[in-house]
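Everything below concerns the one structure shown next.
Numbering (our numbering), first residue to last: 113 to 498.
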């Protein structure tokens, strides 16, 4: 362990808990243990093991390792949800026991990390929760919508649906060790923070959105749900102070090496507690749709332990709303080509917009590589497939 020996356990933990001296808070740096606990999971014959991650090499190549302590062996606890380990043992005891168990630290292969099966498929997402993103897409208020998608690994692919317009979004996500039905539930819950991506078929969204009330959330569930639309990062981080931790996170998204999105958590309009409480207030309304059916944001007025809260994306997505000039000239074209005989002008303009975007190849294409990074939360690397 390069100097972190059992002869000097106090020195070892001091180095680890200080974030490995003065390392910058980049994607390959682990949060100091006095600030947050960083968790990952691996499979074993006895069940899922939860690893307290203390050092990350930062390299994404197969075989690269992270240094950690197996909490499942330490506490004889093999559970599906790493949050449950912290909830049952307590953060203070884990930090205390780390000092006495430096000899049990070992390297774990990054490629062996798995996604917790505790993560479900029904989630809550915030739209236009960063001011600059709202400006770029022409929406001036934050809104919520349900998203249905299975979490996929941080090294994977996203399929570009034929005829679609696939767009990217980097987000900070959170989930909890229990159901959240009241503000008190949120206050006492163990909160796990992680990096995630939210992928959108803008063609579906353009066709389904309520143009008179974008903040209704109509169309967003259809456009953002489904396979490959929800990649998650390698670590679940449990901060002492969730609000300060989220505000300090820096995140970036690149496409083929070009930076497209870059922001800090403090830029969010609605904070995590605002989104949760807003979900509880709106959850019983049948105002959202999925495949033409009316649905609720959450069921039984509670956010389930397996549900993820997506806190929104910063500016830099591909989508821009059609300009007034585009709408005018294509509306005129609709008239001159007798489009009124077969449909309405809005549908015509939308289809023209989708067609031109496909021809311009502005959206994600097969072979594109998307890399998402966030301080203390690791990296997601995706390739767009056919």
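From the three backbone atoms N, C-alpha and C, an ideal C-beta is built for every residue, glycine too.
- In this structure residue 406 is exposed. Its beta-carbon is surrounded by fewer than 16 other beta-carbon atoms within 10 angstroms.
- Per DSSP, reduced to three states, the secondary structure at residue 257 is strand.
- Contact between the stretch 197-217 and the stretch 358-369 is absent: fewer than 3 CB-CB pairs across the two stretches fall below 8 Å.
- Here residue 478 has 272, 496, 497, 498 as same chain residues with Cβ atoms under 8 Å from its own Cβ, once five neighbours each way along the sequence are excluded.
- Residue 488 places its beta carbon 8 Å or farther from that of residue 177.
- In this structure, the beta-carbon distance from residue 416 to residue 291 falls below 8 Å.
- Contact between residue 475 and residue 430 holds: CB atoms are separated by about 5 Å, below the 8 Å threshold.
- Under the DSSP definition of a beta bridge, residue 286 partners with 305, 421.
- With three or more CB-CB distances shorter than 8 Å, the stretch 270-286 counts as touching the stretch 301-314.
- Relative to residue 342, the option among 230, 162, 269, 179 whose CA is nearest is 269.
- The way I'd put it, the stretch 254-262 doesn't touch the stretch 431-450; fewer than three beta-carbon pairs between them come closer than 8 Å.
- Put simply, of 383, 237, 189, 358 the residue whose alpha carbon is nearest the alpha carbon of residue 337 is 237.
- Taking a cut-off of 8 Å for Cβ pairs, the stretch 145-162 and the stretch 180-196 touch, as three or more such pairs fall below it.
- Contact between the stretch 316-331 and the stretch 280-290 is absent: fewer than 3 CB-CB pairs across the two stretches fall below 8 Å.
- In the three-state reduction of the DSSP assignment, residue 460 falls in the helix class, which pools H, G and I.
- Comparing alpha carbon positions, the residue from 384, 207, 321, 147 closest to residue 420 is 384.
- Here residue 340 is buried, its C-beta having at least 16 other C-beta atoms within 10 Å.
- Linking residue 309 to residue 283 through their CA atoms gives a straight-line distance of about 6 Å.
- Counted as a single uninterrupted DSSP element, the beta strand (DSSP E) harbouring residue 167 occupies residues 159-168.
- Residue 395 is positioned such that its CB atom lies no closer than 8 Å to that of residue 381.
- Here the C-alpha atom of residue 402 lies approximately 21 Å from the C-alpha atom of residue 231.
- In the three-state reduction of the DSSP assignment, residue 295 falls in the helix class, which pools H, G and I.
- Within its own chain, the residues whose Cβ lies closer than 8 Å to the Cβ of residue 398, once the five positions on either side in sequence are excluded, are 406, 407, 408, listed in chain order.
- Taking C-beta separations shorter than 7 Å and ignoring five residues to either side along the sequence, the partners of residue 347 in its chain run 150, 151, 152, 165, 306, 489, 490, following chain order.
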